[in-house]
Every structure is written in C-alpha cells, then in structure tokens.
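First up is the structure itself, then whatever we jot down about it.
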Amino acid sequence: MTVDRQGPVLVEGPVEVVAADGTVTRSDRFVVALCTCRRSRSQPWCDTSHRRRRRDGGPPRGADGPCPDGEEPL
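Following this line, the structure appears as structure tokens:
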C-alpha cells in the first residue's frame with residue numbers, strides 16, 4: 001500500500017472494498033487507486049478528481065481540518 005497525502009491510496013490488487021452499508025466492490029487490477037478526497041464519481045476508486053482540487057488552490061484533504069460532513073478519514 002502506498003499513501004500520498006495529495007492523492008489516492010494505491011493498493012496492490014486484487015482488492016475488495018466493503019462500504020459502511022455492507023456493499024462489496026471488487027477490482028482485479030494489479031494496482032488500484034482508492035479515493036481519499038471524496039470527490040470521485042466512481043467511489044471507492046479514484047478518478048483523479050483530487051487534481052482539480054489542487055489546481056484551484058485549495059489545500060489537499062486532511063490539511064484543512066476534519067473531513068466534510070463529519071465523516072471519518074480513510
């Protein structure tokens with residue numbers, strides 16, 4: 001697993017992600033990128049939405065306090 005404060009968490013696959021509601025999502029790729037910015041439209045997978053956040057001058061997730069809506073960090 002590789003963690004980048006300004007990007008996704010990279011995990012060697014295959015990977016199963018279990019959401020809080022019990023939904024299981026699976027990827028058979030060799031490496032998968034898990035979204036940590038919560039802007040991805042393909043949750044839990046990263047779609048590079050975090051890149052737009054950095055371009056507009058906003059701080060990376062985690063640098064500006066708690067997660068939105070009181071959610072727990074990944």
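Be aware that the sequence shown starts at 1, since it is given in the UniProt record's numbering, and climbs by one per residue. No residue lacks a Cβ here, since even glycine has one placed at the ideal position from N, Cα and C.
As assigned by DSSP and simplified to three states, the class of residue i
i          : result
residue 38 : coil
residue 51 : helix
Beta-bridge pairing of residue i - partner residues as DSSP gives them
i          : result
residue 25 : 17
Pairwise C-alpha distance: residue j and residue i
i          : j          : result
residue 32 : residue 6  : 16 Å
residue 41 : residue 24 : 17 Å
residue 22 : residue 4  : 26 Å
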